[in-house]
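Novice:
Protein chains: 2
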Amino acid sequence: MRKSIATVSLSGPLSEKLTAIAAAGFDGVEIFENDLLAAPQSPEELRLRCADLGLGIDLYQPFRDFEAIPDDGLSARNLRRAERTFDLMERLGADLLLVCSSVDPRAVDDDALAAAQLHTLADRAQRRGIRIAYEALAWGRHVRTYDHAWRIVERADHPALGLCLDSFHLLSRGSDPKGIADLPGEKLFFLQLADAPLMAMDVLQWSRHHRCFPGQGGFDVAAVVGAAVAAGYRGPLSLEVFNDVFRQAGAATTAVDALRSLLVLEEQAGLAAPPAPVVPSGFAFAELAAADSEPVRGLLGALGFARTGRHTSKPVELWEQGAARILLNTGGHSRGGPALTAIGLETPGPAGAAQRAEALLAPVVPRRRATGEAPLDAVAAPDGTELFFCRTGHPDHPSWTGDFAPAPCETTDTATALHIDHIALTQPWHQFDEAALFYRSVLGLGADESLDLADPYGLCRSRAVAAPDGGVRIALNVAPGPDTDGAGPQHIALATDDVIAAARSVRERGGSLLPIPANYYDDLAARFDLDPQRIDTLRELGILYDRDDSGEFLHCYTATLGRVFFELVQRGDGYRGYGARNAGIRLAAQQACQHSA
Amino acid sequence: MRKSIATVSLSGPLSEKLTAIAAAGFDGVEIFENDLLAAPQSPEELRLRCADLGLGIDLYQPFRDFEAIPDDGLSARNLRRAERTFDLMERLGADLLLVCSSVDPRAVDDDALAAAQLHTLADRAQRRGIRIAYEALAWGRHVRTYDHAWRIVERADHPALGLCLDSFHLLSRGSDPKGIADLPGEKLFFLQLADAPLMAMDVLQWSRHHRCFPGQGGFDVAAVVGAAVAAGYRGPLSLEVFNDVFRQAGAATTAVDALRSLLVLEEQAGLAAPPAPVVPSGFAFAELAAADSEPVRGLLGALGFARTGRHTSKPVELWEQGAARILLNTGGHSRGGPALTAIGLETPGPAGAAQRAEALLAPVVPRRRATGEAPLDAVAAPDGTELFFCRTGHPDHPSWTGDFAPAPCETTDTATALHIDHIALTQPWHQFDEAALFYRSVLGLGADESLDLADPYGLCRSRAVAAPDGGVRIALNVAPGPDTDGAGPQHIALATDDVIAAARSVRERGGSLLPIPANYYDDLAARFDLDPQRIDTLRELGILYDRDDSGEFLHCYTATLGRVFFELVQRGDGYRGYGARNAGIRLAAQQACQHSA
């Protein structure tokens, strides 16, 4: 279906918004009145600009406080105001006007009056070649639901008057979208789409500050689309999102994020079928870039990794233990020291995975490979992390490991880790919701609830995305302050079946673990029924403890190098979390280390 | 009364919080469990540290999910958990424990059981020299109001068991605090104070993210204090504020802000009488600092100011027209070009105004004056702007103007402005509420509602504080992004009785006015019943228009120099606002100028 977006959804001046919207690949726009008024370009210039960019002007909005106003001169003034708006729309080349239900305290609860006034408006509009889409605002004075708006439109009975449906207004008031399917499709003039996190708060504030793109919140937006299409609606799917974060983020990336959300929504509603997701089964590798690589080698050695290979054409080393693999790229350099720059995802179908990613607008990473090297399909996540789709050591597909020549191997006596349990990435704060939707939709992962973790300097939002079998888990965090934008910590959690032995080995090999305050262990004794000797062991090694209904979770951390640290985790049967209860302790301990460093 | 604060109210590691709390002048602290667990210091070390700082440990908190749990072994485990907590409190030297009402889904609605279990707990506590303060959480499983908690405490009837009252929990559920006055004072063990903006949202989220210091929100916190004191409460007034902003702000300034809020609260509740506010009657001057002063001189000249004096000992010029005075300090230098650094407030009693400011913890600005110069009382506002308390040209007080020698005066033909109408200052985003409370309490100004203004890159919060007669108006804005921290725009609005003539004069004198898009004027014609010729004049000069029930408001802007621009305003009879409706247009026009500059 045709895809549009309201200009209010993006930041910046109108001309830059239009450029970003066209570049992302949208078909049309809703021009928001305030954007037009503040623009230095005339309506005629904007009309030409949209035409040049290949964007249709699908809607002009909003026209407020028109219907159900008793006639004491005000309704005549309203009609004059409408004619001025039609003048402007003619200059702009827009032929559909959104009229939202009155919030004016002078409006009366009188459907007959509302219908009569809207009939007059539609008549005036029709003479100018313009149509009117009437929308129920969730906080309208009297008209707040789509079915009430429909009764008025039906009563007005004018060919130039129809409905505008908005998924936020509908779902925030708990309306059941099923009834939409019974409306006459030709009376559905426009469909605006927005999602929102489920929150118990005043609906106007909720709408103004917390709307998000479909798939980023808690509403069943696809049900609204499905019902409208069932009714016969064939107009644009148009995003209208007011959000404090998007208002500050760059228009170009937000526009791509927005269009991706519509592509996923079309798939959910059964209106389009992009290549199906190929869910990754595990981590093939994590790649670290470090200009000063010696400290990283020391840390990897202490963790029990051995250098097993060197890339045949690039300054990249392969380090392995069990099924855990780390690539150390010594040619790259990253702001703030060592950083995690790429993740290899083990997938049953690398080509299919890449096709889906491309269909969902993930930027394809240019492939630089020498003759004879394995083809690697890779795309970039919103934060720039490269995702490689791998099939390691399978006869049916070239393996990336073939590009590495065996290195003289310094084997370690005891392997510490079995495989990568999860990877945690700090997201720029204005890309948190975008990142969660990206990983879910592109990789077919499921998302946990969003959590607030207490950091000494603020709350840190955290949300994990994971494959159903837990083979791939990625924790997305957003740092509290804007200071760490783009350079927040990242960590790699290694699974072990004996974290106590693993922690001892790390120490014996000269690695240092994050010191945890003694007070934590005193509290552990009060909180859990644990053997005092066991607590002493945890205390000695700085191992944190958590438990849920199904199992125990023990974990400890290495020191941080640049942006990166490692975690060792031992998951008891069925424990599904990440030790969120201990995050505040860990964050404070890391802060203390930074201060003393 | 004794003044305390919960450590959770401030950011950073516990040791730094304690230092900040002591430095601000608090008497005691509530130690928050998570702060203690994450601290590298032992409880004994923290006890010593508090003693060294002169801080009493007035409360340890919270102990959760204890009461009304049916006995299936859990209550025994809860008692053991309590004993471990008592151990810790003994080491810490704390003798009062906050127990908040259970949120555990296993808790039952059984006051008899709750009372019996709390009796047992109090008995155990008493043996250790500890008392229990029981508090109703607003989102408790069954116990959510202070009167319900009191019924349980009364029933338990144990000398070591009393109530903790929390103004947020009380007022967020709409409880009437009057009933508190009838409780036995000796059973009120502790009083926690927090305010919050009035919001319609889930009470747990409201509490966790939006609490603020008394006087910064919409609750009548003084009524709670008054009722508790009437009941006989003589313990600490203790702040417990969870706030996303304070968690990120510096602990030292937040602690001062916090203590100021308690001083104002004591005054409101009639418990203390600091020097009374001396409300300023007008602006004596605004001072601009500019290293490159020639462009500022050009702008002042274009606005109709004439240089009338030079300071006898400092590189400061006095520029005047009508009753508007600007000081141009060419010795200072400021980040990002010319900036507004000081405001002179015309006041009937400079000494009294300064005494009140000092009593409310405003930092006194060191006075550097030569012999014979007028004494100037000055304090610093939270954003560093210096406020001078002046009495210009009155025989009963030395006038600051006496320190200026007359300059050869280039008079202008027509004066443009009559006086300073208002001054707008961008506040660092984490000091917005602090600034509003500062101006209200220190200067005795009233505050308008907080508004959200649409900027092309986000929402800009704005709140005005003003004297009842409008003689002094200060608009506090907070920029949308954190990027502009500490260097956002400032502006001086000059009152005129003919903004059209004033704008023409500015142009004739070579000044440039902010260009406003033509689309704005097309819309003005649709929105208001204005004479087309008048609209053409406004359009020609870039004058914006607004109207409220009592009058018209016309205003226009100069170009920006550094951080500073001027506004010319013509207020019709009784118009009280600042043209907020036009703020989005102005902000977009300024952005466009910056981009093209």
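First to last, the protein sequences are chains A and B. Under the working numbering, the residue at position 143 of the first sequence is numbered 728, and the numbers go up by one with no gaps. Under the working numbering, the residue at position 205 of the second sequence is numbered 790, and the numbers go up by one with no gaps. Backbone N, C-alpha and C define an ideal beta-carbon position, used for all residues, glycine too. Here the structure is a predicted model, which means the values were calculated and not measured.
Against chain A, with Cβ distances strictly below 8 Å, would Arg1046 (chain B) count as a contact?
Specialist: Output row for Arg1046 (chain B): interface = no.
Novice: Decide yes or no for the touch test of the segment 923-939 of chain A against the segment 1012-1026 of chain A: beta carbon pairs closer than 8 Å, at least 3 of them.
Specialist: Cβ pair count under 8 Å is below three, so no.
Novice: For Ala745 (chain A), which residues in the same chain have their Cβ closer than 8 Å to its Cβ, ignoring the five residues on either side in sequence?
Specialist: Around Ala745 (chain A): Ala707, Asp708, Ala710, Gln711, Ile715, Arg716, Ile717.
Novice: Work out the CA separation of Ile928 (chain B) and Ala813 (chain B) for me, nearest whole Å.
Specialist: Approximately 40 Å, taken between the alpha carbons.
Novice: Using a Cβ cut-off of 8 Å, which residues of the segment 1101-1118 of chain A contact any Cβ in chain B, in chain order?
Specialist: Listed in sequence order: Pro1102, Ala1103, Asn1104, Tyr1105, Asp1107, Asp1108, Ala1110, Ala1111, Arg1112, Asp1114.
Novice: State the Cα-Cα distance for the pair Arg1119 (chain B) and Ala1086 (chain B), rounded to the nearest angstrom.
Specialist: Their backbone Cα atoms lie some 13 Å apart in a straight line.
Novice: Of the residues A:Gln790, A:Glu739, A:Pro948, A:Gly969, which one's Cα is nearest the Cα of Ala699 (chain A)?
Specialist: Answer by Cα proximity: A:Glu739.
Novice: Relative to the C-alpha of His704 (chain A), which candidate in A:Ala679, A:Ile737, A:Ala692 has its C-alpha closest?
Specialist: The candidate whose alpha carbon is nearest that of His704 (chain A) is A:Ile737.
Novice: Quick test of the definition: if touching needs 3 or more C-beta pairs under 8 Å, does the segment 646-660 of chain A touch the segment 865-880 of chain A?
Specialist: Segments in contact, no.
Novice: Can you give me the Cβ contacts of Leu972 (chain A) inside the same chain, cut-off strictly under 7 Å, excluding the 5 residues immediately before and after it?
Specialist: Closer than 7 Å at the Cβ level, and outside the excluded window around Leu972 (chain A), lie Ile928, Leu930, Ala963, Val964, Ala966.
Novice: Quick check on DSSP: helix, strand or coil for Ile606 (chain B)?
Specialist: Helix at Ile606 (chain B).
Novice: The segment 642-670 of chain A: which residues have C-beta closer than 9 Å to a C-beta of chain B, in chain order?
Specialist: Within the segment 642-670 of chain A, the residues whose Cβ lies closer than 9 Å to some Cβ of chain B are Arg662, Arg665, Arg666, Ala667, Glu668, Arg669, Thr670, listed in chain order.
Novice: Select from the segment 627-639 of chain B all residues with a C-beta closer than 8 Å to any C-beta belonging to chain A, and list them in chain order.
Specialist: Hits within the stretch, in order: Ser627, Pro628.
Novice: Which residue wins for smallest C-alpha separation from Trp724 (chain B), given the options B:Leu789, B:His733, B:Ala692?
Specialist: The candidate whose alpha carbon is nearest that of Trp724 (chain B) is B:Leu789.
Novice: Cβ of Ile911 (chain A) within 8 Å of Cβ of Phe870 (chain A)?
Specialist: In this structure, Phe870 (chain A) lies closer than 8 Å to Ile911 (chain A) by Cβ.
Novice: Could you tell me which chain A residues have their CB closer than 8 Å to the CB of Gln1215 (chain B), listed as they occur along the chain?
Specialist: This structure cannot settle anything about residue 1215 (chain B), because the visible part of chain B is limited to 586 through 1182.
Novice: Cα separation between Thr1069 (chain A) and Asn1062 (chain A)?
Specialist: Summary for Thr1069 (chain A): the model assigns pLDDT 47, below 50, so the residue's position carries little reliability, and this model does not support an answer.
Novice: Give me whichever residues DSSP pairs with Ile1077 (chain A) in a beta bridge.
Specialist: Answer is A:Ile1008, A:Phe1151, bridged to Ile1077 (chain A).
Novice: Which class does Tyr818 (chain B) belong to by DSSP, given the choice of helix, strand or coil?
Specialist: Looking at Tyr818 (chain B) - three-state DSSP - the assignment turns out to be coil, as it is neither helix nor strand.
Novice: Please list the segments of the alpha helix (DSSP H) lying wholly inside the segment 891-927 of chain A, counting only runs of 4 or more residues, in order along the chain.
Specialist: Entirely contained in the segment 891-927 of chain A, not one alpha helix (DSSP H) run reaches 4 residues.
Novice: Please list, in chain order, the chain A residues whose beta carbon lies closer than 9 Å to that of Pro782 (chain B).
Specialist: Within chain A, no residue comes near Pro782 (chain B); the closest Cβ sits about 11 Å away, beyond 9 Å.
Novice: Just the C-alpha distance for Pro756 (chain A) and Ala779 (chain A), rounded to the nearest angstrom, thanks.
Specialist: Note that residue 756 (chain A) is Leu in the sequence shown, not Pro. Between Leu756 (chain A) and Ala779 (chain A), the C-alpha separation is close to 10 Å.
Novice: How many angstroms separate the CA atom of Arg665 (chain A) from the CA atom of Ala1111 (chain B)?
Specialist: C-alpha separation (whole angstroms): 7 Å.
Novice: Can you tell me which of A:Ile1170, A:Pro860, A:Gly613 puts its alpha carbon nearest to the alpha carbon of Leu1038 (chain A)?
Specialist: Leu1038 (chain A) has its Cα closest to that of A:Ile1170, out of A:Ile1170, A:Pro860, A:Gly613.
Novice: Could you tell me which uninterrupted beta strand (DSSP E) segments, each at least 3 residues in length, are contained entirely in the segment 670-727 of chain B, listed from first to last along the chain?
Specialist: Segments of the beta strand (DSSP E) lying fully in the segment 670-727 of chain B: 681-685, 716-720.
Novice: Is it right to say His795 (chain B) is buried, meaning 16 or more other beta carbons lie within 10 angstroms of its own, or is it exposed?
Specialist: Burial call: buried.
Novice: Looking at the C-beta of Asn619 (chain A), does it have a partner C-beta in chain B at a distance below 8 Å?
Specialist: It does; some Cβ of chain B falls within 8 Å.
Novice: DSSP three-state label for Thr1069 (chain B), please.
Specialist: Unreliable positioning characterises Thr1069 (chain B) in this predicted model, as indicated by a pLDDT of 47, which lies under 50. A coordinate reading is not provided.
Novice: Return the chain-ordered list of same chain residues with a C-beta closer than 6 Å to the C-beta of Ala573 (chain A), the five sequence neighbours on each side being excluded.
Specialist: Outside the shown range of chain A, which is 586 to 1182, sits residue 573 (chain A), and nothing can be said about it.
Novice: Quick one: grab the DSSP three-state call for Gly811 (chain A).
Specialist: It is helical.
Novice: Strictly under 8 Å for the Cβ-Cβ distance: is Leu972 (chain A) near chain D by that measure?
Specialist: The chain inventory of the structure shown lacks chain D, comprising the protein chains A and B.
Novice: Just how far apart, CA to CA, sit Leu850 (chain B) and Val614 (chain B)?
Specialist: Going by the C-alpha atoms only, they are around 18 Å apart.
Novice: Looking at the C-beta of Pro762 (chain B), does it have a partner C-beta in chain A at a distance below 8 Å?
Specialist: No, its Cβ sits nowhere closer than 8 Å to a Cβ of chain A.
Novice: Quick check: the Cα distance between Glu630 (chain A) and Leu1139 (chain B), rounded to an integer number of angstroms?
Specialist: Cα to Cα, the separation comes out at about 28 Å.
Novice: Span of the alpha helix (DSSP H) holding Tyr1130 (chain A)?
Specialist: It is not in any alpha helix (DSSP H) - Tyr1130 (chain A) instead sits in the beta strand (DSSP E) that spans 1129-1132.
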